[in-house]
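Position 82 (the sequence shown) corresponds to 82 in full-length UniProt numbering; numbering is contiguous.
Notes follow once the structure below has been shown.
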Amino acid sequence: LEGHDDIITCLDFDKSCGTLITASLDNTLRAWDLNNYRCLGILDGHKDVVNCLQVNGSRLVTGSRDKTIRQWDLSKLISHPESVTNLSELSFASASVHEANGLSNIGDNCWIASLEGHSKSITCLYFENNSLVSGSSDKTMKHWDMETGQCILTMDILWAMSSSKVERRQAGFLFDSYIFDGGEFIGALQFRDVGLASGTEDGAIRMWDLRTGQAHRTLLSHTGPITSLQFDDRHVVSGSVDRSIRIWDLRTGSIIDTFSYDNSVTSLQFDTNKIISCAGSNDIKIYNRTNFQHSSFEGHSQQVQCVKFKDSILSSGGRDKVVKLWAL
1 LEGHDDIITC LDFDKSCGTL ITASLDNTLR AWDLNNYRCL GILDGHKDVV NCLQVNGSRL
61 VTGSRDKTIR QWDLSKLISH PESVTNLSEL SFASASVHEA NGLSNIGDNC WIASLEGHSK
121 SITCLYFENN SLVSGSSDKT MKHWDMETGQ CILTMDILWA MSSSKVERRQ AGFLFDSYIF
181 DGGEFIGALQ FRDVGLASGT EDGAIRMWDL RTGQAHRTLL SHTGPITSLQ FDDRHVVSGS
241 VDRSIRIWDL RTGSIIDTFS YDNSVTSLQF DTNKIISCAG SNDIKIYNRT NFQHSSFEGH
301 SQQVQCVKFK DSILSSGGRD KVVKLWAL
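Okay, here's the thing in structure tokens:
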């Protein structure tokens, strides 16, 4: 899918025949129909680049360098034609569409509300039901009630970092800080129920209790900023600027496995069968957790920046300004 004029920063979609949302350094947020691979229009509203976004059903949440978070209702987009039945149609982005300038602004129809409270760029977010947690370059995470738009809780990363410095030195870590090229501070986060995991520029993964706003465990091993993470009932999987992915046992906090790459890991996602990631190269890394084999998808002409999969469809965005769809 072609149409963006700069590097793709993030993307997500609801289902294989639904709506794909992409953001780029060209300052646009685009909606695509995965039935016919056409761009439905531009979701206008943010005043700067969108760094992070999540689609869940008909709800879209976006976080931007303009310090705001926006909620959107994707059900108000143009209705979809008949569904794709042959998944091979999506493989290797065989249907590539170039959209001309002058796309319609569809943001006014879909915009629900804006959340304001962070003093710097929004760098990551995650939401479930009516709860949202956002991370920012202002070195805080905020827990929001999406119904009321109110901030319920603010978590101070600097306070948590100062309390874990002793742990870091005891574990043999020599650096206390490390700054992302883009000035980010909180690289990734996710929560389930009242358990929140965050990954920050000091290379630490912290587990938080959303009821108290307190960090109760720190996972130490990465030697560079955390760029991506995800967890389930048993494992945490994290990616870092230190050019590695680590799989952690959530119960014990110990490392189960480590994968090393030639460049920084920028994005990852996993399920029970696989870990899919990108790490500063033109290909997408796939690790099969069943047979322990590594493979890759090749097709981008420049570095892959972000990946997201649902069901049997994988989407990827690159520095080549292109979004590709793959059949898994």
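Where a beta carbon is used, it is the ideal one built from N, C-alpha and C, also for glycine.
If you follow the alpha helix (DSSP H) that residue i is in, where does it begin and where does it stop?
i	result
C110	G107 to C110
Alpha carbon to alpha carbon, what distance is there between residue j and residue i?
i	j	result
L74	C10	17 Å
S277	K67	27 Å
D320	S301	6 Å
L20	R38	10 Å
N273	L219	24 Å
G107	W32	13 Å
R59	W72	6 Å
T140	I205	15 Å
A23	C306	11 Å
F309	G318	15 Å
S104	D311	30 Å
I7	E116	26 Å
L158	D202	10 Å
T200	L43	29 Å
R289	I275	7 Å
H294	Q269	15 Å
T252	G45	44 Å
V322	L1	6 Å
W326	R234	28 Å
H143	L314	29 Å
Taking 7 Å as the limit between beta carbons, can you name the residues of its chain near residue i, skipping five residues before and five after?
i	result
R246	S221, H222, S238, I255 and T258
E298	N282 and D283
H149	The sequence shown places Gly at residue 149, rather than the His named in the question. Here the set comprises A113 and L115.
R65	D48, V49, N51 and S121
Identify the continuous beta strand (DSSP E) that holds residue i and give its terminal residues.
i	result
residue 389	Absent from the structure is residue 389, since the part of the chain shown begins at 1 and ends at 328.
I8	I8 to F13
T154	Q150 to D156
D209	I205 to D209
N51	V50 to N56
F185	Taken as a continuous stretch (DSSP letters only), F185 belongs to no beta strand (DSSP E), as it is neither H nor E.
G135	S131 to S136
T218	Q214 to L219
M141	T140 to D145
G117	Element bounds for G117: n/a, residue is neither H nor E.
S316	I313 to G318
T19	T19 to S24
R59	R59 to S64
K324	V323 to A327
V241	Careful: V241 lies outside any beta strand (DSSP E) and carries neither H nor E.
D73	T68 to D73
D232	Unbroken run through D232: none, as it is neither H nor E.
G41	R38 to I42
Could you give the C-beta distance for residue i and residue j, rounded to a whole number, given that I count them as a contact under 8 Å?
i	j	result
G3	R30	7 Å
F185	S137	5 Å
N27	D48	7 Å
K285	S296	6 Å
T123	G195	That belief does not hold up - the Cβ atoms of T123 and G195 are roughly 20 Å apart, past 8 Å.
H118	S134	7 Å
K76	N109	5 Å
Here's a check: name, in chain order, each residue in its chain whose Cβ is nearer than 6 Å to the Cβ of residue i, leaving out the five neighbours to either side.
i	result
T62	V50, L53 and R70
D242	H222, T223 and G224
W208	L196 and A215
G213	L153 and M155
R211	V194
D249	I256
D145	I152
G280	N263, S264 and Q303
S228	A188, G239, S267 and L268
D5	D26
So, at 8 Å on beta carbons, what are the nonlocal neighbours of residue i in its own chain, with the 5 sequence-adjacent residues on each side left out?
i	result
S244	H222, T258, F259, S260, Y261 and V265
E147	N130
I'd like the ranges of any beta strand (DSSP E) spanning at least 3 consecutive residues and lying wholly in the stretch 254-307. 255-260, 267-270, 274-278, 283-288 and 294-298, all fully within the stretch 254-307.
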